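>
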Amino acid sequence: MSLTNPSARRRLTCLAIILLLIPLGLVCRFVPIGLPSLIVKYGGSFLWAATVYWFIAFLLARRKPRELALISLVVATAIEFLKQVQSPCLGIVRGTFFGKVILGRYFSYTDIAVYWLAIFCAVWIDHSTIYNWPASKE
Numbered sequence: 032m033s034l035t036n037p038s039a040r041r042r043l044t045c046l047a048i049i050l051l052l053i054p055l056g057l058v059c060r061f062v063p064i065g066l067p068s069l070i071v072k073y074g075g076s077f078l079w080a081a082t083v084y085w086f087i088a089f090l091l092a093r094r095k096p097r098e099l100a101l102i103s104l105v106v107a108t109a110i111e112f113l114k115q116v117q118s119p120c121l122g123i124v125r126g127t128f129f130g131k132v133i134l135g136r137y138f139s140y141t142d143i144a145v146y147w148l149a150i151f152c153a154v155w156i157d158h159s160t161i162y163n164w165p166a167s168k169e
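Sequential numbering of the sequence shown, starting at 32, is according to the numbering used here.
1. DSSP three-state label for Arg94, please.
2. Just how far apart, CA to CA, sit Cys45 and Pro119?
3. Would you grab the beta carbon distance between Tyr146 and Ala80 for me? Rounded to a whole angstrom, and I think it's under 8 Å.
4. By Cβ distance, which residues of its chain are closer than 6 Å to Tyr73, with the 5 residues on each side in sequence left out?
5. Using the Cβ count rule (16 or more neighbours within 10 Å means buried), how would you classify Arg41?
6. By the 10 Å Cβ neighbour count, where 16 or more other Cβ atoms means buried, how is Glu111 classified, buried or exposed?
7. Buried or exposed: Lys168, going by 16 or more other Cβ atoms within 10 Å of its Cβ?
8. Less than 8 Å between the C-beta atoms of Phe138 and Gln115, yes or no?
Structure, rendered in structure tokens:
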């Protein structure tokens, strides 16, 4: 993978951001380090939604940030609404650590608002820095 290729460079940057956000989100949500309750409750959701954006940007590195935003908003919102579906299979998945982290357990419109805010912040970062990087002139 050549770093002079803009999509390869963008993928590598997205991967680095994902690898930073995941542990931050897990610490924010599960490690009692004395963070304010508002940060504990919504910080993890914010970081989760930002990770969704960067994961989709990693997969679709050639797409514009606004296209990635739309896809990310749909995915994050759909996963939140999936919490309203109760089935034995989903209950088993939600009972695991990864199920709790990826799918969550309790539906909340506030979480959707936090997801949208996080995705808009990620889009702003992507658009203002990463997506507009000039090609390397080596």
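Every residue, glycine too, gets a C-beta built ideally from N, C-alpha and C.
Fair warning: this is a prediction, and the values are worked out from it, not measured in the lab.
This is what the structure gives:
1. Along the sequence shown, read from residue 1 onward, the residue named residue 94 stands at position 63. Looking at Arg94 - three-state DSSP - the assignment turns out to be coil, as it is neither helix nor strand.
2. On the sequence shown, residue 45 is found 14 positions in, with the first residue counted as 1. On the sequence shown, residue 119 is found 88 positions in, with the first residue counted as 1. The straight-line gap from Cα to Cα measures roughly 35 Å.
3. If you number the sequence shown from 1, residue 146 lands on position 115. If you number the sequence shown from 1, residue 80 lands on position 49. Confirmed, about 4 Å.
4. By 1-based counting over the sequence shown, the position of residue 73 is 42. So the qualifying residues of the chain are Val145.
5. As a working mapping, residue 41 is identified with position 10 in the sequence shown. The C-beta of Arg41 has 16 or more other C-beta atoms within 10 Å across all chains shown, which makes the residue buried.
6. Here residue 111 corresponds to residue number 80 of the sequence shown, with the count starting at 1. The residue is buried, with at least 16 neighbouring Cβ atoms inside 10 Å.
7. By 1-based counting over the sequence shown, the position of residue 168 is 137. Any reading at Lys168 needs caution, since the residue's pLDDT is 43, under 50, leaving its predicted position unreliable; the model's value is listed next. Counting Cβ neighbours within 10 Å, Lys168 comes out exposed, since fewer than 16 surround it.
8. For the purposes of this step, residue 138 is taken as residue 107 along the sequence shown, with counting starting at 1. For the purposes of this step, residue 115 is taken as residue 84 along the sequence shown, with counting starting at 1. A distance below 8 Å separates the beta carbons of Phe138 and Gln115.
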